[in-house]
Amino acid sequence: MEKLQAALEKARHKRSTGTPPDAARPAAQPQAPTPPDDLHAMWQAVTPFEEVPEGLLRARRVVTRQASPSATPFDILRTKLLVQMRQNNWRRLAITSPMPAAGKSTVACNLALGLGRQRDMRSILMDLDLRTPSISDFFETVPPHEIRELLTGEVSLQEQALRFGDNLICSMAAVPESDPTRILLAEDTTDVLQDIEERYQPDLMIFDLPSVLVSDDTRAFLKNVDCALIVARTNSTRYSQLDICEREVAEQTNVLGTVLNAFPYGDKA
Ligand SMILES: Nc1ncnc2c1ncn2[C@@H]1O[C@H](COP(=O)(O)OP(=O)(O)OP(=O)(O)O)[C@@H](O)[C@H]1O
Ligand SMILES: [Mg+2]
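So the sequence shown is residues 0 to 268, counted in numbering that gives the first Met the number 0.
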């Protein structure tokens, strides 16, 4: 535990003194604003979720739909991310971890629903853990089309995604892909994301990605983001894994920070 916390300190220091990686995505260019009424109509045209019961979300540890004491840590994380991202004009955030089951999807869903409470913001959450997609399980909702069909240009975001409230769009997968690296590396994917960003003008796009140390998928995709959040898990993530993961991610994008998930409250060690 001490080693992991020391590693987090080290990473924080490095970020505050480091320079952006050469391979980082170029800074976003100002976009021609779509008239507000048109933009509102485009977002409203995305099919809304059927009601997602609060009990289901809580059972999956998604606690941010309403403000509450349990939502507060995620709200603090959300605000910290927003401040840093706005300062740098970053709009695309990857969430990854060294190894599986660190809590990436839980963090991604909590951040997304917390952002949904910001009435003045629009956000898009995409499940790009294409080998083991899980966001659709969090909402117990099967998307009308697979996210693969969106990324390969077969269907539009309006056809593929679902809307949570007025200002959060979720693009999910129900069926695992057998060769996701090909999709995540493709130029078509880069173009589709660019098109979505121009048309829907989200303030933030969150990409739930696989773990760095188990496949090439995250490495293949990181060129498409502005920054990344790394999730480490108490009593599970090793210092050496976090160190390798942090270095690999930093080669391709800006490391925004590391979340130490499942840290027991009351443990003063
Ligand atoms: N802070 C926490 N405390 C207890 N359990 C948690 C916590 N965060 C996540 N979990 C649980 O751990 C499991 C893995 O979480 P999650 O699916 O978010 O991880 P993941 O990193 O996305 O996993 P994968 O690599 O399989 O995509 C889930 O059962 C989740 O409910
Ligand atoms: Mg996951």
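Positions of the beta carbon are idealized from the N, C-alpha and C atoms, including for glycine.
Coil, strand or helix - residue i by DSSP
| i | result |
| --- | --- |
| M41 | helix |
| T78 | helix |
| N109 | helix |
| V224 | coil |
| P209 | coil |
| T16 | In this prediction, T16 scores a pLDDT of 49, lower than 50, which makes its location untrustworthy; the coordinate-derived value is nonetheless stated afterwards. Residue state, collapsed to three classes: helix. |
| R198 | helix |
| F48 | coil |
| R232 | strand |
| G164 | coil |
Of the listed residues the options, nearest to residue i (C-alpha basis)
| i | options | result |
| --- | --- | --- |
| I168 | G152, F138 and A185 | F138 |
| D165 | Q117, A31 and L56 | Q117 |
| T189 | K222, D202 and P99 | K222 |
| R181 | I229, A231 and F220 | F220 |
| L161 | E196, L124 and T63 | L124 |
| L127 | I243, A58, D119 and E148 | E148 |
| G256 | A44, M84, P52 and Q43 | M84 |
| P35 | R121, M204 and R91 | R121 |
| Q274 | T71, L183 and V191 | The first residue shown for the chain is 0 and the last is 268, placing residue 274 beyond what the model contains. |
Spatial neighbours of residue i in its chain, beta-carbon cut-off 6 angstroms, leaving aside the 5 residues before and after
| i | result |
| --- | --- |
| T217 | T95, L208, P209 and V211 |
| P99 | S210 |
Other residues of its chain near residue i: CB distance less than 8 angstroms, five sequence neighbours each side excluded
| i | result |
| --- | --- |
| A66 | D74 and R116 |
| N260 | A101, G102, T105, V106, V230, A231, R232 and T233 |
| A23 | D225, Q251, T252 and N253 |
Proximal residues to residue i (C-beta, below 7 angstroms), its chain only, five neighbours per side dropped
| i | result |
| --- | --- |
| L38 | Q200 |
| E145 | A172, A173 and V174 |
Check: residue i C-beta below 8 angstroms from any heavy atom of ligand 2
| i | result |
| --- | --- |
| T131 | yes |
| D128 | yes |
Contact test: residue i Cβ vs ligand 1 heavy atom, cutoff 8 angstroms
| i | result |
| --- | --- |
| K103 | yes |
| Q214 | Going by the sequence as given, residue 214 is Ser instead of Gln. Answer for S214: no, Cβ out of range of ligand 1. |
| N260 | yes |
key: Whole beta strand (DSSP E) elements within the region 122-159, 3-residue minimum   = 122-126
task = Taking only runs that begin and end inside the region 53-99, name each unbroken alpha helix (DSSP H) of 4 or more residues, in chain order.
result = 53-58 and 71-86
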